[in-house]
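Notes follow once the structure below has been shown.
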Amino acid sequence: MDDLTLYLEATKFIDCEHKSVQRLSAELAAGLSNDRDKAVKLFYFVRDEIRYNMYSFSSDVETFRSSYVLKKGEGWCVQKAVLLAALCRAAGIPCGLVIASIRNHKSPPEAVKMMGTNVFFPHAFNRIYLNGRWIKATAAFDREVCERMAAPAVEFDGVNDAILPDKDLNGSPYIEYVEEYGYFSDLPWQMILEKSKAVYGKQWEVMFAST
């Protein structure tokens, strides 16, 4: 069994005690009487109000703190998952991270060229504890990005898992979950560095050198 207190505490990256995170979480949750409704409201804020930008990747650990992502107003999947975890914790809702690798069949050609593959690692999304069980939620791609890609936006109701779909709106292959690497109460930075090097090989150094 998970120790839920681990998923409520402030951590190095999930700085849910930061004033800006606390203030926004309280504003978004105001007037809502249960955790499910609060989590849904927080999810949609992160999904659509924090613009998805895959090129915001940086090797600077400071850019992965939830307060930084909130101030920046944009981020890629890992940054957005860290922010959603912080907002949930600030609202008293246990929330953690899932680290995975995915294959994106609709990856921009320039991204595939840069990485040498259409497999993305790390991909991060959230597990939110609601009504006695963990529910998966992926707030990575905002609605505008989904419309450009002709892909369904992930919808979250606080009851069912909400992950990236395997087909786009035309029925073509979209997202393939390749592997999950575990559940985490904070961003496992060292594991991410080591695994990224194993996944991307020499290209790893090029990617990090460009940030």
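FYI, the numbering for the sequence shown is 10 to 220, going by this note's numbering. Beta carbons are placed, not taken as given, at the ideal position from N, Cα and C, and that holds for glycine.
Nearest in C-alpha terms to Glu203, of all of Pro174, Ser68, Gly105, is Ser68. DSSP places Trp85 outside both helix and strand once states are collapsed to three, so it counts as coil. Here the alpha carbon of Gln31 sits roughly 17 Å from the alpha carbon of Gly105. Judged by DSSP secondary structure, Ser205 falls within the alpha helix (DSSP H) whose first and last residues are 198-209.
DSSP places Cys25 in the coil class of the three-state scheme, outside both helix and strand. In the DSSP secondary-structure assignment, Ile137 is bridged to Cys104, Ile144. Burial state of Gly191 is exposed, judged by a 10 Å Cβ sphere holding fewer than 16 other Cβ atoms.
For Gly191, DSSP records a beta bridge to Ile108. Here the C-alpha atom of Val187 lies approximately 24 Å from the C-alpha atom of Val168. Assignment of Lys176 by DSSP, reduced to helix, strand and coil, places it in the strand class. Residue range 44-53 is occupied by the alpha helix (DSSP H) that includes Leu51. For Arg56, no alpha helix (DSSP H) run applies, since DSSP gives it neither H nor E. The three-state reading of DSSP puts Glu18 in coil, since its state is none of H, G, I, E or B.
The Cβ neighbour count for Val121, taken over all protein chains shown within 10 Å, is under 16; the residue is labelled exposed. A check of alpha carbon separations from Pro103 across Ala109, Phe193, Val163 identifies Phe193 as the nearest.
The three-state reading of DSSP puts Tyr64 in helix, counting H, G and I together. A straight-line Cα-Cα distance of about 18 Å links Lys21 and Gly101. Under the 10 Å beta carbon count, Ser34 is surrounded by 16 or more other beta carbons and is classified as buried.
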